[in-house]
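Q: Quick one: this structure, given as structure tokens, is what I'll be asking you about.
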Amino acid sequence: MRKRIVAAMPMIALALFLFSGLYLENWKLGWVFFLLIPLSWILFSNHIFKRLNDAAPVLALFIFLILGFGFDLWHPGWVVFLLVPVFNMIVERKITPRKLVNVIVIGGFIGLSLYLDEWHPTWLILFLIPIINTIFFPYDNFKFKNKENNWEDRIKKFVNDKIIVDHQKSDDENEDF
């Protein structure tokens, strides 16, 4: 049954698009129904938590376009995109310090921008996300290079192994002919 719904979704989206355009006389809103096609692929997959997590950006886009085209609420509508990382943290049930920094800084940016009614200079606050995460919460798999194996030794090794050896091999092959 799931495969049938996924297979029929392009026709359903087209029918809803035509209904929206012909009867509601809102062609722009009708384009939103074509997002049902990838949304159906995601929602009818077998992994429940994976499909909820994967559906969040498509659902946010769907809601944003409905708010924009249907009700001309483009400006407050962009807030639905902030629900994607929050939804991801809820579904995964894992709040890492890096994610918490993202939420706090973005929340601070929105709060400060709304309070001051100035969005332009306050967006610079968003640069705090990579700065704080890099300094205080680096990835565990980040490793520094060994100081014993410096770049000069690596270049000499490359030249000796690749260029000189390959050149000698090609000279040996040419002598055979």
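Quick note: the sequence shown, position 12, residue 478 per the numbering used here, numbers continuous. Built from N, CA and C at the ideal position, the CB exists for glycine as well. These numbers come from a predicted model, not from an experiment.
Report the CB separation of Leu578 from Thr588 in whole angstroms; it is logged as a contact under 8 Å.
A: Confirmed, Cβ separation roughly 5 Å.
Q: From which residue to which residue does the alpha helix (DSSP H) around Asn568 run?
A: Unbroken alpha helix (DSSP H) run through Asn568: Pro563 to Leu582.
Q: Give me the Cβ distance between Ile591 and Val571, rounded to the nearest whole Å; I'm assuming they're in contact under 8 Å.
A: Between Val571 and Ile591 the Cβ distance is about 6 Å, and since that is below 8 Å, they are a contact.
Q: In terms of residue numbering, what span does the alpha helix (DSSP H) encompassing Arg470 cover?
A: It spans Arg468 to Leu488 - the alpha helix (DSSP H) in which Arg470 sits, taken as one unbroken run.
Q: Does the Cβ-Cβ distance between Val557 and Asn519 come in under 8 Å?
A: Their beta carbons are under 8 Å apart, which means Val557 touches Asn519 by this criterion.
Q: Since I believe Phe530 is in contact with Asp553 (beta carbons under 8 Å), could you give me their beta-carbon distance rounded to a whole number of angstroms?
A: According to the sequence provided, residue 553 is Phe. The question's Asp does not apply to it. Not quite, the Cβ-Cβ distance comes to about 14 Å (not below 8 Å), so this is no contact.
Q: Please state if the CB of Leu501 and the CB of Val524 are separated by a distance shorter than 8 Å.
A: Yes, they are a contact pair.
Q: Within 10 Å of its beta-carbon, does Val498 have 16 or more other beta-carbons around it, so buried, or fewer, so exposed?
A: Classification for Val498: buried.
Q: If we ignore side chains and look at the alpha-carbon of each, how far apart do Ala526 and Ala473 end up?
A: If you take the alpha carbons of Ala526 and Ala473, they lie about 23 Å apart.
Q: Quick check: what's the CA-CA separation for Ile597 versus Tyr489?
A: About 52 Å.
Q: Cβ atoms of Gly496 and Phe510: under 8 Å apart, would you say?
A: No.
Q: When DSSP labels each residue in this structure, what does Trp585 get in the three-state scheme?
A: Coil.
Q: How far does the alpha helix (DSSP H) with Glu558 in it reach, from first residue to last?
A: Counting along the chain, the alpha helix (DSSP H) containing Glu558 begins and ends at Leu549 to Glu558.
Q: Following the continuous alpha helix (DSSP H) through Gly543, name the residue where it begins and the one where it ends.
A: Start and end: Trp540 to Gly543.
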